[in-house]
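Oh and the sequence shown: position 423 is 423 in the numbering used here, straight run, nothing missing.
Built from N, CA and C at the ideal position, the CB exists for glycine as well.
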Amino acid sequence: MSAAKRQSARAGVIFALALVVLGALVGLLTVALSVAVGGGASLFAERPQLVWLLPVTGLCSYGAYRAVGLDFSWSTARVMEAVRDGRSVPPLLAPAIIVGTALTVLCGGSVGKEAAALQMGAAASGLLRGRVSARFRTVLAPAAMGAALGAMLDAPLAGVVFSFEALRRRPDSFASLAAPAVTSLVSWGVVRAMGVRFLPGSVAAPAVLDVVFAGDSFMGDRVAGALLLLAAVGAAAGLLTLAFCGALEKLRGGLARLGAPVFALAVGGVATALVVGYADLFHYEDVRSYCGTGLSQIEAALAGEALPWWAFIVKAALTLLTLAGGFKGGEIMPVLATGACLGAAVFSAASPLLPASILGAVGASRSLGALVGMVAFFAACTNCPLTALAFAGELFGFASLPATIVAIAPACLIARRVSLYPTSLQRARGKCQFDPALASRDAS
């Protein structure tokens, strides 16, 4: 064997070992993020008065970033742009985003941990970037991001698909395809071994085919009515995406005019604290349940429980306030919760208008509506329909794909020009790309 071949083989072995190590590291960091966010959510549930400290925790997060020399403008969108361009992400971002997300959830901010896991995974890849051959360095960060998302969502295949779809890149080599597959499987295995699950409760998947094809015989009108209802959920998800992205752009732009990120944090934190803090005084205590990640809404909606029709509005509004203020945390879990509430609301509103042969049992209808609404809104907000399909198939069974495809198609067509992540837009740049911290940094 020639020296060049031996060197190439050695580089391949080192790369394979690095993928295993990276997957295990991402899995352990995912567990740490889940524990930290779960602990913060539990404390807030016991002491909702902590919401008054939300502006303070925002400033603490800002101080923590500055103390370790990190630019506070590092957001999920900025991390994905850096990864797409082949630039490195600071490794210190991993512990910083864990602390920042936990502090936000501790005081009632409406953020999740999945998008934070994307930042964490990309940052962790920086520790191994210099250990592998130069030709493998650009695939580490996308693989780590996909592994983190797949482990957090309990859907490793969705993580692999996301690593390509969100960055709009194609696998150009065996290494670029194998990297996310290996890291995703390893990190998912670590997370499952540690007992961390996306849905802790035993929520059964809705009986999609039983609802759509209920009865002993196939009836065209029943199927046509069910498909129309599923498409209506998708259309509602697409329209809500346009409204959500437009509102987020305007709020971020307005707060960015205040100058430094600390002002945006103060205004966003105070606004959220006032809305949630006065719940007892004005007797709308239920709004507190829509703080945090939104996991409780997802579980309730998928179980077919009755939720208020306005649940998706409250969850979206609290998420807008938190994200526009620049608080650290993820967007994906609140997006999933908002979509689940929206889908359940559409199915509940349609139940008096359509025959029972189309809807099936009311509980099953809400459950199916929550599933397709959650997946469709996620697909529209991220502009990643294939990732959404993989996510639905892994969590709820591949029998759910016909229903989810019908909902995803109109949602993505309506919201095709917007995305929470600009890297998922090929030509037209979306509206949800503005980061107040980054804008203030550029202005200065």
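DSSP, read as helix, strand or coil, puts G63 in helix. Classified as buried, G339 has 16 or more neighbouring CB atoms from the shown chains inside 10 Å of its CB. Out of S289, S42 and A350, the CA that lies nearest to the CA of A226 is found in A350. In the three-state DSSP reduction, G373 falls in the helix class (H, G or I). With 16 or more other CB atoms across the displayed protein chains lying within 10 angstroms of its CB, E165 is buried. With a 10 Å radius around the Cβ and a threshold of 16 neighbouring Cβ atoms, G343 comes out buried. Secondary structure note for V105: its alpha helix (DSSP H) is the uninterrupted segment L93 to L106.
Under the DSSP definition of a beta bridge, G225 lacks any partner. Here DSSP, grouped into helix, strand and coil, assigns G38 to helix.
Runs of the alpha helix (DSSP H) lying entirely within the segment 280 to 332 and spanning at least 4 residues, in chain order: 295 to 302 and 311 to 324.
In this structure, T183 keeps its C-beta atom at 7 Å or more from the C-beta atom of Q119. Note that the C-beta distance between A409 and G238 is not below 7 Å. Under the DSSP assignment, T387 falls in the alpha helix (DSSP H) whose first and last residues are P385 to F396. DSSP, reduced to helix, strand and coil, places G253 within a helical segment of the structure shown. Between G146 and F136, the CB-CB gap reaches or exceeds 7 Å. When C-beta atoms of the segment 102 to 119 are compared with those of the segment 319 to 336, three or more pairs fall below 8 Å, so the two segments count as touching.
Counting along the chain, no alpha helix (DSSP H) covers L199, and no H or E run does either. Between the C-alpha atoms of L413 and Q7 there is a straight-line separation of about 49 Å. By the criterion of a C-beta distance shorter than 6 Å, V196 is surrounded in its chain by V31 and S34, once the five residues flanking it on both sides are discounted. Where A116 is concerned, the enclosing alpha helix (DSSP H) starts and stops at E114 to S125. The segment 232 to 252 and the segment 311 to 324 touch, with three or more beta-carbon pairs separated by less than 8 Å. The three-state secondary structure of A166, taken from DSSP, is coil. Between the C-alpha atoms of Y290 and A300 there is a straight-line separation of about 12 Å. If you look at V139, you'll find it in the alpha helix (DSSP H) that goes R137 to L153.
Ranked by Cα distance from A316, the first of E305, A264, T57 and A337 is A337.
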